[in-house]
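Trainee: First the structure, then my questions, so here it is.
Numbering (my numbering), first residue to last: 568 to 803.
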């Protein structure tokens with residue numbers, strides 16, 4: 568009976584974790600470049616058809632056109648490389664801007680990495696009335712002058728990264744796998760939407776909520792049975 572209670576508690580925790588995953592996916596439905604986390608049930612379903620070693624769904628999201636110079640989206644197997652004060656992170660969120668020092672940065676101020684290091688746009692355009700163009704290879708051009716090329720990484724083994732807050736992924740030991748130019752294309756003036764399907768996530772939430780309630784009722788019933796057994800034992 569105690570083993571049954573322990574199993575019931577384990578199932579309850581599993582259902583709760585799935586509900587938390589789905590809730591987080593829904594909360595980030597409007598987060599640029601967000602990649603949904605797979606509920607365990609979907610993970611098992613995918614494994615029946617193919618070898619899936621991940622718990623994050625890296626399916627490409629839809630693109631929206633913004634026409635903003637420093638809004639960038641990626642098609643293909645690659646991610647932008649950004650540097651915070653503490654670590655290197657990979658992201659599909661290409662909503663960038665120029666900071667007060669002239670560096671290309673994320674919304675949160677992390678510097679976007681180029682193949683030459685931090686990318687400083689202002690230094691290259693001072694005194695020049697020229698637009699900034701970024702081609703599909705990620706080369707940043709001012710006129711005919713290539714300032715730098717965006718560094719591109721990819722996740723080959725999810726055990727080597729962990730999800731950060733929001734849509735970024737932290738790379739262990741700052742050691743990321745470089746994406747080759749034929750594996751991706753950069754699209755200037757576009758952003759990638761989250762790959763979250765609201766209807767699908769709501770269906771999961773309903774299913775997991777029902778399973779959670781069933782597990783709760785099972786544990787309550789087992790607890791009541793154990794209580795009755797103890798009372799019978801005392802009477803005897």
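All C-beta atoms, glycine included, are put in the ideal place defined by N, C-alpha and C. All values derive from a computational prediction rather than experimental measurement.
#1: To the nearest angstrom, how far is the alpha carbon of residue 671 from that of residue 708?
#2: With DSSP collapsed to three states, give me the class of residue 747.
#3: Would residue 757 and residue 632 be called neighbours here (beta carbons separated by less than 8 Å)?
#4: Answer yes or no: do residue 751 and residue 641 have a C-beta to C-beta separation smaller than 8 Å?
#5: Got a sec? Which residues, its chain only, sit under 6 Å from residue 722 by beta carbon, not counting five neighbours each side?
#6: In angstroms, rounded to a whole number, what distance separates the CA positions of residue 684 and residue 583?
#7: What's the gap between the Cα of residue 718 and the Cα of residue 774?
#8: So residue 710 and residue 688 are in contact, right, with Cβ under 8 Å, and what is the actual spacing, rounded?
#9: Rounded to whole angstroms, what is the Cα-Cα separation between residue 678 and residue 686?
#10: Looking at the unbroken alpha helix (DSSP H) that takes in residue 640, where does it start and where does it end?
#11: Under 8 Å, do residue 806 and residue 648 count as touching if we go by C-beta distance?
#12: What are the partner residues of residue 720, as DSSP defines its beta bridges?
#13: Roughly how many whole angstroms lie between the Cα atoms of residue 706 and residue 755?
Mentor: Inspection of the coordinates gives the following:
#1: Residue 671 and residue 708 have their C-alpha atoms some 13 Å from each other.
#2: The answer is coil: DSSP assigns residue 747 none of H, G, I, E or B.
#3: In contact: residue 757 and residue 632 (Cβ atoms closer than 8 Å).
#4: Contact: yes.
#5: Apart from the 5 residues on each side of it in sequence, residue 722 sits with its Cβ closer than 6 Å to the Cβ of 728 in its chain, given in chain order.
#6: Approximately 43 Å, taken between the alpha carbons.
#7: Cα atoms of residue 718 and residue 774: separation of roughly 41 Å, rounded to the nearest angstrom.
#8: Actually they are not in contact, since the Cβ atoms of residue 710 and residue 688 sit about 13 Å apart, beyond 8 Å.
#9: A straight-line Cα-Cα distance of about 8 Å links residue 678 and residue 686.
#10: Not the alpha helix (DSSP H): residue 640 falls in the beta strand (DSSP E), residues 639-643.
#11: Not covered by the structure: residue 806. The range shown for the chain is 568 to 803.
#12: Residue 720 pairs with 646 and 745.
#13: Taking the straight line joining both Cα atoms gives about 11 Å.
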